[in-house]
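K.L.:
Can you read through this structure? Questions will come right after.
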Amino acid sequence: MELVGKTAVYTPILNHCVFASYLIRLKLNSDYGNPKFVSFYINSIYGRKYILSVASQQVGQANVNSKKLLDMPIPLPPLEEQQEIVNRIEKLFSLADYIEETIDSKLEESKILRQSILKKAFEGKLVPQDPNDEAAEILLEKIKMEKSNKGKNLQEQLVQ
19 MELVGKTAVY TPILNHCVFA SYLIRLKLNS DYGNPKFVSF YINSIYGRKY
69 ILSVASQQVG QANVNSKKLL DMPIPLPPLE EQQEIVNRIE KLFSLADYIE
119 ETIDSKLEES KILRQSILKK AFEGKLVPQD PNDEAAEILL EKIKMEKSNK
169 GKNLQEQLVQ
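Numbering (the numbering used here), first residue to last: 19 to 178.
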């Protein structure tokens with residue numbers, strides 16, 4: 019049901035185009051309605067609520083016929099106001115797209131930064147290194163020997 023009644027405004031690029039039989043083409047009288055305004059309204063929660071209330075379900079396929087679509091009550095303010103509403107919606111949609119792109123970009127930068135921090139941490143480059151510190155190999159060898167000695171000490175204590 020999500021896609022039933024979704025609208026788009028077609029701006030003719032080619033003169034002779036056909037559309038799929040499951041689509042409904044509406045041609046508005048431009049003296050009364052701005053096509054983008056009507057499309058935005060039909061795609062709004064108010065238009066979606068109406069469409070869902072009149073949609074029919076047949077064999078798992080939802081549908082709205084053109085008669086029911088044409089019966090949809092659509093508030094039509096004066097054309098100038100419709101155009102102003104369209105302009106504001108498009109501006110806000112553009113802003114939302116920009117914000118979404120910025121967030122996606124920042125999330126990607128964050129992933130890269132996390133990987134860089136982890137890499138530096140395991141390379142010992144996150145904090146200043148003491149020049150008197152031993153090399154990691156020597157430190158690992160000492161730890162290994164200490165573990166080995168602990169095991170021997172435990173065995174000696176148990177045997178006594």
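Glycine included, C-beta positions come from ideal geometry on N, C-alpha and C.
These numbers come from a predicted model, not from an experiment.
1) For I107, which residues from the same chain have a beta carbon less than 7 Å from its beta carbon, with the 5 sequence-adjacent residues on both sides left out?
2) Kindly provide the ranges of any beta strand (DSSP E) runs that are 3 or more residues long and lie completely inside the segment 37 to 97, ordered along the chain.
3) Pick helix, strand or coil for D151, following the three-state DSSP scheme.
4) Does V27 come out as helix, strand or coil in the three-state DSSP assignment?
5) Check each candidate in N47, Q100, S48 and A80 and name the one with the smallest Cα separation from F55.
6) Assuming N61 contacts T25 (C-beta within less than 8 Å), just tell me the rounded distance between them.
7) May I ask whether a heavy atom of the ligand COA can be found less than 7 Å away from the beta carbon of F37?
8) Assuming contact is defined by CB atoms lying nearer than 8 Å, are L94 and Y50 in contact in what I supplied?
9) How big is the Cα-Cα spacing for D189 and Y116?
10) Which whole-angstrom value describes the C-beta separation of V82 and I92, a residue pair presumed to lie in contact below a C-beta threshold of 8 Å?
11) Could you tell me the distance, in whole angstroms, from the CA atom of L218 to the CA atom of K168?
12) Measure the Cβ-Cβ separation of I42 and S84 and say whether it is below 8 Å.
13) Tell me, please, whether the CB atom of V27 is closer than 8 Å to any CB atom in chain D?
14) In this structure, does DSSP put V104 in helix, strand or coil?
P.N.:
For this structure:
1) Position 89 of the sequence shown, counted from the first residue, corresponds to residue 107. Cβ neighbours of I107 beyond the five flanking positions: F58.
2) 74 to 76 and 79 to 81
3) By 1-based counting over the sequence shown, the position of residue 151 is 133. In this structure, D151 counts as coil in the three-state DSSP scheme.
4) Taking the sequence shown and counting its residues from 1, one reaches residue 27 at position 9. In this structure, V27 counts as coil in the three-state DSSP scheme.
5) Looking up residue 55 in the sequence shown gives position 37. The shortest C-alpha separation from F55 is found at Q100.
6) On the sequence shown, residue 61 is found 43 positions in, with the first residue counted as 1. On the sequence shown, residue 25 is found 7 positions in, with the first residue counted as 1. Going by Cβ atoms, the distance from N61 to T25 rounds to 6 Å, so yes, they are a contact pair.
7) The ligand COA is not part of this structure, which contains no ligands at all.
8) Within the sequence shown, residue 94 is the residue found at index 76, counting from 1. Within the sequence shown, residue 50 is the residue found at index 32, counting from 1. Result yes, Cβ atoms of L94 and Y50 sit closer than 8 Å.
9) Outside the shown range of the chain, which is 19 to 178, sits residue 189, and nothing can be said about it.
10) Walking along the sequence shown from the start, residue 82 turns up at place 64. Walking along the sequence shown from the start, residue 92 turns up at place 74. Not quite, the Cβ-Cβ distance comes to about 14 Å (not below 8 Å), so this is no contact.
11) Absent from the structure is residue 218, since the part of the chain shown begins at 19 and ends at 178.
12) Position 24 of the sequence shown holds residue 42. Position 66 of the sequence shown holds residue 84. Contact: yes.
13) Of the protein chains in this structure there is only one, and it is not chain D.
14) Position 86 of the sequence shown holds residue 104. V104: helix per DSSP, three-state reduction.
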